[in-house]
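Asker:
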Amino acid sequence: MKLVLEDGTEVAGRVFGATKPVTGEVVFNTGMAGYVETLSDPSYKGQILVFTYPLVGNYGVPAPRATASLDRPYESDRIQVQGLVVQHYVDDYSHHAASRSLGEWLRSENVPAITGIDTRTLTRRLREHGTMQGWLIPSAQSLDAARDSAAGVDMQEEVFHAVAPTAVTRYEGGELTVMVVDVGAKDNIVRSLLARGVSVVRVPWHHRLAELAAQADGIVIGNGPGDPRQLQSLVEQVRQLLNGYERPVLGICLGHQILALAAGGDTYKLPYGHRGVNQPVQDLLTRRCYITSQNHGFAVRDGALPPDWEPWFVNTNDGTNEGLRSRLKPFFGVQFHPEASPGPQDTAFLFDDYLRLVGALARS
Amino acid sequence: MYGAYLPKKPRCALVLGSGALQIGQAGEFDYSGSQALKALREEGIRTVLINPNIATIQTSRELADRIYLVAVEPEFVERVIVREEVDAILLSFGGQSALNCGLELDAGGILGKYGVKVLGTPVETIRDTEDRRLFVERLNEIGVKTARSRACHSPEEARAAAEEIGFPVMLRGAFALGGKGSGFARTEEELEQALERAFSGGIPQVLVEEYLRGWKEIEYEVVRDTKDNCITVCNMENLDPMGIHTGESIVVAPSQTLNDEEYQLLRTVAIDTIRHLGIVGECNIQYALDPKGVDYRVIEVNARLSRSSALASKATGYPLAYVAAKLAIGYTLPEIPNGITRCTTAFFEPALDYLVCKVPRWDLTKFRGASMRIGTEMKSVGEVMAIGRTFPEVIQKALRMLDIGVNGLDPDAFQHDDIGGELQHPTPLRIFVVARALRDGVSVEEIHAQTGIDRWFLDGLESVVRMHVHLAELAWPLDKHVLRDAKRLGFSDEAIAAALGVIEKQVRDTRKRLGIEPGIAQIDTLAAEFPAETNYLYATYHAERDDVAPSWRKKIMVIGSGAYRIGSSVEFDWCAVNAVRAAARSGYETLMVNYNPETVSTDYDICDRLFFDEVTLESVLALFEREKPHGVIISMGGQIPNNLALALRKAGVPILGTCAESIDRAEDRSKFSALLDDLGIDQPRWLHVTDLSDADRMVERLGGFPVLVRPSYVLSGAAMAVAHEPSELRRILARATEVSRSRPVVVSKFETHAREVEIDAVADQGELVLWAISEHIEDAGVHSGDATLVLPPQTLYLPTIRRVKQIAAQLADALDITGPFNVQFLAKRNTVKVIECNLRASRSLPFVSKVTGTNFAAEAVRRMLGIREPIENNSLELDHVGVKAPMFSFSRLVGADPMLGVEMTSTGEVGCLGADLHEALLHSLFATGVRFPRKGVLLSLGPVADKYWFADEARILAQELRLPIFATHGTAEMMAELGIECTPVEKSDGNGNSALDAIDAGRIDFVINIPREYDKQGRPDGYLIRRRAVDAGVPLITDLQLARAVIEALRQKRAEPVSLVAWNDYLKGRHAAHVAAGPSVD
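Have a look at this one:
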């Protein structure tokens, strides 16, 4: 198979996943471990993923988890990426927790993958050019011939439905209840809340939120794929929800962007996004810095915040916004992933802080 | 925001260096100290450095304001603190030596007394990490798991602890360097042996620990600032699981077999632990990780820069030592800019898009009697690091870098008689045994069971072995795809050629015609996520194109020294760095090629472009063709680059300085000898060995035994030996021909009781421009790298000096030398004979440069570049004396005979200055860990003549220094004749009245042992005494002349404490005169 980019770049590689032709936005991730978590992260829905770390597959993949289970290391019940591109796929895996190779997993879910690509050179191209549309197609085929047959995900609307659950699910974990608005939220957001002794109601984003919100002690708007501005109906729902809401609201990644838009802020597309497990952010109040796990192509515009909101975290690499807080209400958003998985757990304390607030406000 | 939180800066900061290189503590601390000094100087802080290692980069004026070339000992440190009005001290940049010294200073109240602030990690924290009991307690406080362990102060306690924990157990010495005093015991019997060794080494506390053999060994490098920002810069995974010291292990970074859960678990524990302990700056945390489940133990925390941190720095491009120094002053991580991207900060965790592999280099065969096993104690003397994109690629590169005569992971590289045994009991060649076993069809599963090496690594090795077998089945020319696959698996052109029975050039030409060339990739810390201006580069066949294009500037390429080893270490790094600097100052762009992670030359801010890659014909040619430098310097990196001279020349590479043909003329024994005859220069009689059976007749022609056997083209006397009788000669000859089959072996007359003299010089188009003559204190026969050098010479006659200089000038002219060279001479009565001549920078170049105050390396490079400025040479009229003394690591090499000979065995050196020879000698001995006798001296003098030579000194010991003398049988008789009182002792063990008993009882704290004769295996007698002295940490002198010099120095200086003068002050007067002339030492 080969990878073709919209600027005409063509690189040939060897297949190690499925062979079906696909198309999607080509993005790169700089994490050195954690491919199982990453590939099952719904935020990657519709994208072709490139790993910058050259060796992928080393520790294999664990057995599939049971339906409706939340087991690690999976972040959803399937592979979410449209296709995978690596420098050197390792088929001979070695790990006590593994029962199959990465290639087997990809093939079982019919996801194409190629190896033998100089991913550093590819990444440099994506960085210089910005993310591009790409096609993973058979080597013999021309792009024109493949254009129609390559499977893609519509990023305007279809993508948000593809990653969202179809029904409301309740997970028992404690007296307090947090509502998780799910636009493709990673399972570890739910696990992180459950582990701290609260119950979780996981609600598809297109569900009517107001009723369930009224019964919950707090709201978490989770991560997801795509451009937040395409989710106008959710933005509108959240705007109405926030109006008069007094309990804690936490937005994560896409949820953070939705929160910003609902509050009257703005978002924009980053040239090539932040995808990795080494993104440094600084808390603007305490000046403390944290290494965070990130995966986003859009960001909140710092300069366009409504007056009652303020920036909370900033990315010390490029100065982009990494968090927001309301000056008046218990509403917060972070662009990074405090639930990690994959990546560092340095900001997991945000769940503690958030739930402490949930508890305090529920009692009052 | 930059520096917003900075507290008051110190005015004058003292940095403690690590002293002489020794096993477990090598060049990495020159790197870390140099970075720290640079970071301090940028802040306008006055810096004072104590480090007797004269060959380091850090001991130069460019880095430190005041430099003391003296032992890193509390006594001297205190005097320096007072003299220099020091108000802050850094303890974590000089290895375990500096750390221990700092702990002593603190415990002695000296730091408090003078108000000296410890910058960086507080002393209490250091103590928490060093004292095992405190360490375990502190980690228990936050629920972090440590190996079950008991700190024991006596063998009885240790026995009880072993009982409690259950066999097998692991033993480790606290406060010890490189795992000294460690081992493991499966049975009570083994425990007894291990305990005896551990406690006799002067180690106060031994840890008996839960045995975690087979667990994965993982390390993290952690950085924390005073505001509690904390990151892990790099993690590393050992190929060799627990049971082999990390310094002895093949290591990869980042970890390869950990999933995210494990990676993050250990990362989180690391950060929690480091925060709890309160470390400020850099530290290293080591884990054992259960390969069968998610369970871990913290093994240790090193609250200082370490070998691992140097490796991590080079592996990631993150300047750990520099950042640690900034943090010590009070900066926070986000305030420090990232020097590689220049647009981000030091608060980030590098993302690698490549992997590195470190392989240790051992020199165990150089030590007579040393065990070949590797295990929990560190024995390796250097290491290499390879960068690439797959494990097969990096392991093959790394194995070639070792320079042990292999062209990669060749299953047939060595002979293995007992593959099963060698798999289970690792030696330095275990990786090759694994390859052989795989080739012989042993399964990965089976090898995993035997070695504990993770299958992932074995699978990688297997792919290399498979290609080896495959290549051997094919015929030349190779298919393009096979060739590319082989290159991507890390095969060199030479290895491919060998497998197919063609010559290397054929492979190279074909490969290039097919367009298979390596790409040059940057190490940019962020996996290409941000544009980086970095000049830190490596080559890989997995890259499709280069990240950087060559510049149009006029440039010079300098080839570095490769792995540290016995005979080639930090001194060649000093030469290479100074070569780069001199070329840069002369307006050239500089390219550096080297692959040793323990060096300063591989810091990316030393040169304009750093190629962290192999030094082989193939790789140097590839870089040369790409960069097209004006010239290549091969004379500044020791023997490895020097050996490439002819091949590079043939390939059309312009070599700067002396031409390759001249180098060959000096290296090839016959050609050189003929040259000496032509010039009328005397030389020891010698003959080529062509036929082993002819040996006796040859000895006769040379004038009888003893004779010296040596191969050509070797460094540090590898395979060189003295034969005293026929059977010994035959054995040595057999070994010598094995070492170097293609190169001729030479036998020469071995001169006894002769002086050895050296000249280090720089010539320009055959004209001598700079020179310095040093003499050895020891008689000829001790390898020059193990000898004690004196500059300027103190006992040579003027005619001898004149003759030495004359010969050097003649050779410079005859060989048309441009650049550095070194000649060694024998001087006996009034004759001067040439032993050898090297047309490259010598080991002693930094020493002569720093003692004379004239930078020989820089001058040599300027001359190579055609810059001719008048320069004054006055190495004879110095107002001070410099002494260079060797540092040995025998205590770490179980069983090795600590005896000097023609083969070099020292692992490092110091160079100290004094107003006279005595002062300089005492300083240098002190700096190599020699403590002067206070209790008693053991004399065991072999040959009768020696006994009488020594009579005066024995009298001084007994009567003036009033030290009790113990003497072995013959020596005691002589003492009695001379009327010197002494206690006779037996040589061998068994009756309670032996020398060994006296050493054990602590009645002897100085041993002078001059061996008399050699047994059938060629071992000098008195081995037991020497070995016991080393094991008990008692200073040992085995050379008569050195012993006499030391005793005379002790007599002269017994009244007052030895003076303490900064290196800067010794050179003061000279310096003013030299600045005008240009080259100064820096």
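Residue numbers (the numbering used here), protein chains in the order written: chain L, 254 to 617; chain Z, 44 to 1125.
Built from N, CA and C at the ideal position, the CB exists for glycine as well.
1) Report buried or exposed for Z/V1118, applying the criterion of at least 16 other Cβ atoms within 10 angstroms of its Cβ.
2) Closest to Z/A571 by C-alpha separation, out of L/K255, L/L337, L/R380 and L/P365, would be which residue?
3) In the DSSP output, which residue or residues are listed as bridge partners for Z/N281?
4) Please work out which residues of its chain come closer than 8 Å, Cβ to Cβ, to L/A316, disregarding the five sequence neighbours upstream and downstream, and give them in chain order.
5) Pairing CB atoms from the region 621 to 639 of chain Z with CB atoms from the region 599 to 611 of chain Z, are three or more of them under 8 Å?
6) Name the two residues that bound the continuous beta strand (DSSP E) containing L/V453.
7) Assuming L/Q335 contacts L/Q386 (C-beta within less than 8 Å), just tell me the rounded distance between them.
8) Could you spell out where the beta strand (DSSP E) holding L/A366 opens and where it closes?
9) Apart from the five residues on each side of it in sequence, which residues of its chain come closer than 6 Å, Cβ to Cβ, to Z/F654?
10) So what's Z/I1023 in DSSP terms, helix, strand or just coil?
11) Give the secondary structure of Z/F434 by DSSP, where H, G and I count as helix, E and B as strand, and everything else as coil.
12) If you run the structure through DSSP and keep just helix, strand and coil, what is Z/S783?
13) For a quick check, are the C-beta atoms of Z/M947 and Z/I447 less than 8 Å apart?
14) At what residues does the alpha helix (DSSP H) containing L/D605 begin and finish?
15) In angstroms with no decimal places, state the Cα-to-Cα distance between L/V553 and L/Y525.
16) Report the CB separation of Z/K990 from Z/L984 in whole angstroms; it is logged as a contact under 8 Å.
17) Are the CB atoms of Z/P1054 and Z/G1065 nearer to each other than 8 Å?
18) For the beta strand (DSSP E) containing L/T419, name the first residue and the last one.
19) Z/I496 touches chain L at which residues, Cβ-Cβ below 8 Å?
20) Could you tell me whether the Cβ of Z/Y45 comes closer than 8 Å to any Cβ of chain L?
21) At a CB-CB cut-off below 7 Å, which residues of chain L make contact with Z/L639?
22) My output table needs one value for L/W358: the three-state DSSP class, helix, strand or coil.
23) Is there contact between the region 574 to 590 of chain L and the region 86 to 102 of chain Z, where contact requires at least three CB pairs shorter than 8 Å?
24) Is L/A286 closer than 8 Å to Z/D502 when the C-beta atoms are compared?
25) If the cut is a Cβ gap below 9 Å, which residues of chain Z does L/L337 touch?
26) So does the region 432 to 441 of chain Z actually touch the region 953 to 967 of chain Z, counting three or more Cβ pairs closer than 8 Å?
27) So for Z/F391, helix, strand or coil by DSSP?
28) So which residues on chain L does Z/G336 lean against when the C-beta distance must stay under 8 Å?
29) Taking the DSSP output, what are the residues bridged to L/G471?
30) Which class does L/E328 belong to by DSSP, given the choice of helix, strand or coil?
31) If you reduce the DSSP assignment to three classes, tell me which class Z/T971 lands in.
32) Less than 8 Å between the beta carbons of Z/F868 and Z/V847, yes or no?
33) Taking only beta-carbon positions, decide if Z/E560 is within less than 8 Å of chain L.
34) L/W388 by DSSP, collapsed to three states: which one?
35) When you compare only the Cα positions, how much space is there between L/L512 and L/T520?
Answerer: According to the structure shown:
1) For the purposes of this step, residue 1118 of chain Z is identified with residue 1075 of the second sequence, where counting begins at 1. Only weak support exists for where Z/V1118 lies, its pLDDT of 38 falling under 50; the value from the coordinates is given anyway. Result: exposed.
2) Translated into the one-based positions of the second sequence, residue 571 of chain Z becomes position 528. Ranking the options by Cα distance to Z/A571, first place goes to L/R380.
3) The residue labelled residue 281 of chain Z in the question sits at position 238 within the second sequence. DSSP lists Z/V294 as partners of Z/N281.
4) Position 63 of the first sequence holds residue 316 of chain L. Excluding positions up to five away in sequence, the list reads S352 and R353.
5) Three or more Cβ pairs closer than 8 Å define a contact, and the region 621 to 639 of chain Z meets that threshold against the region 599 to 611 of chain Z.
6) Looking up residue 453 of chain L in the first sequence gives position 200. First-last of the beta strand (DSSP E) with L/V453: S452 to P457.
7) Along the first sequence, one-based indexing puts residue 335 of chain L at 82. Along the first sequence, one-based indexing puts residue 386 of chain L at 133. Actually they are not in contact, since the Cβ atoms of L/Q335 and L/Q386 sit about 11 Å apart, beyond 8 Å.
8) By 1-based counting over the first sequence, the position of residue 366 of chain L is 113. For L/A366, the enclosing beta strand (DSSP E) begins and ends at A366 to T368.
9) In the second sequence, the residue the question calls residue 654 of chain Z occupies position 611. Within the same chain, and ignoring the five residues on either side of Z/F654 in sequence, the residues whose Cβ sits closer than 6 Å to its Cβ are L580, V636 and L666.
10) Here the question's residue 1023 of chain Z lines up with position 980 in the second sequence. Z/I1023 falls in the coil class under three-state DSSP.
11) Here residue 434 of chain Z refers to the residue found at position 391 of the second sequence. DSSP places Z/F434 in helix when its eight states are reduced to three.
12) Taking the second sequence and counting its residues from 1, one reaches residue 783 of chain Z at position 740. For Z/S783, the predicted model reports a pLDDT of 49, less than 50, meaning its position is unreliable and no value from the coordinates is stated.
13) Within the second sequence, the letter at position 904 stands for residue 947 of chain Z. Within the second sequence, the letter at position 404 stands for residue 447 of chain Z. With contacts defined by Cβ atoms closer than 8 Å, Z/M947 and Z/I447 do not form a contacting pair.
14) What you label residue 605 of chain L is simply residue 352 of the first sequence in a count that begins at 1. Per DSSP, the unbroken alpha helix (DSSP H) holding L/D605 starts and ends at F602 to R616.
15) Here residue 553 of chain L refers to the residue found at position 300 when the first sequence is read from its first residue. Here residue 525 of chain L refers to the residue found at position 272 when the first sequence is read from its first residue. Between the C-alpha atoms of L/V553 and L/Y525 there is a straight-line separation of about 15 Å.
16) Here residue 990 of chain Z refers to the residue found at position 947 of the second sequence. Here residue 984 of chain Z refers to the residue found at position 941 of the second sequence. Rounded, the Cβ-Cβ distance is 5 Å, consistent with contact.
17) For the purposes of this step, residue 1054 of chain Z is taken as the residue at position 1011 of the second sequence. For the purposes of this step, residue 1065 of chain Z is taken as the residue at position 1022 of the second sequence. Z/P1054 is a Cβ neighbour of Z/G1065, given a cutoff of 8 Å.
18) The residue labelled residue 419 of chain L in the question sits at position 166 within the first sequence. Element bounds for L/T419: n/a, residue is neither H nor E.
19) Locating residue 496 of chain Z in the second sequence gives position 453, where the first residue counts as 1. Correct list: empty, because the minimum Cβ distance to chain L is about 10 Å.
20) Counted from its first residue, the second sequence places residue 45 of chain Z at position 2. Confidence at Z/Y45 is low in this model, with a pLDDT of 48, below 50, so its placement is unreliable and the value that follows should be read with caution. So no, Z/Y45 is outside the interface.
21) Taking the first residue of the second sequence as 1, we reach residue 639 of chain Z at position 596. Before going further, note that residue 639 of chain Z is Asn rather than Leu in the sequence given. Those within 7 Å of Z/N639 in chain L number zero; the least Cβ separation is about 24 Å.
22) In the first sequence, residue 358 of chain L corresponds to position 105, counting from 1. L/W358: helix per DSSP, three-state reduction.
23) Taking a contact to require three or more Cβ pairs closer than 8 Å, the region 574 to 590 of chain L and the region 86 to 102 of chain Z do not qualify as touching.
24) Along the second sequence, read from residue 1 onward, the residue named residue 502 of chain Z stands at position 459. Along the first sequence, read from residue 1 onward, the residue named residue 286 of chain L stands at position 33. Their beta carbons are not under 8 Å apart, which means Z/D502 does not touch L/A286 by this criterion.
25) For this step, residue 337 of chain L is matched to residue 84 along the first sequence. Close partners of L/L337 in chain Z (Cβ separation under 9 Å) are lacking, with about 16 Å as the shortest Cβ gap.
26) Counting Cβ pairs under 8 Å, fewer than three are found: no touch.
27) Position 348 of the second sequence, counted from the start, is the residue given in the question as residue 391 of chain Z. Correct three-state label for Z/F391: coil.
28) For this step, residue 336 of chain Z is matched to residue 293 along the second sequence. Neighbours of Z/G336 on chain L, chain order: H349.
29) Numbered from its first residue, the first sequence carries residue 471 of chain L at position 218. Answer by DSSP bridge pairing, in chain order: L/V431.
30) Walking along the first sequence from the start, residue 328 of chain L turns up at place 75. Three-state DSSP puts L/E328 in coil, outside helix and strand.
31) Locating residue 971 of chain Z in the second sequence gives position 928, counting from the first residue. Looking at Z/T971 - three-state DSSP - the assignment turns out to be coil, as it is neither helix nor strand.
32) Position 825 of the second sequence, counting from 1, holds the residue named residue 868 of chain Z. Position 804 of the second sequence, counting from 1, holds the residue named residue 847 of chain Z. Yes.
33) For the purposes of this step, residue 560 of chain Z is taken as the residue at position 517 of the second sequence. For Z/E560, the answer is no, since every Cβ of chain L falls outside 8 Å of its Cβ.
34) Counting from one through the first sequence, the residue named residue 388 of chain L turns up at place 135. Note: L/W388 maps to strand in three-state DSSP.
35) Counting from 1 along the first sequence, the entry for residue 512 of chain L is found at position 259. Counting from 1 along the first sequence, the entry for residue 520 of chain L is found at position 267. When rounded, the distance between both Cα atoms is 11 Å.
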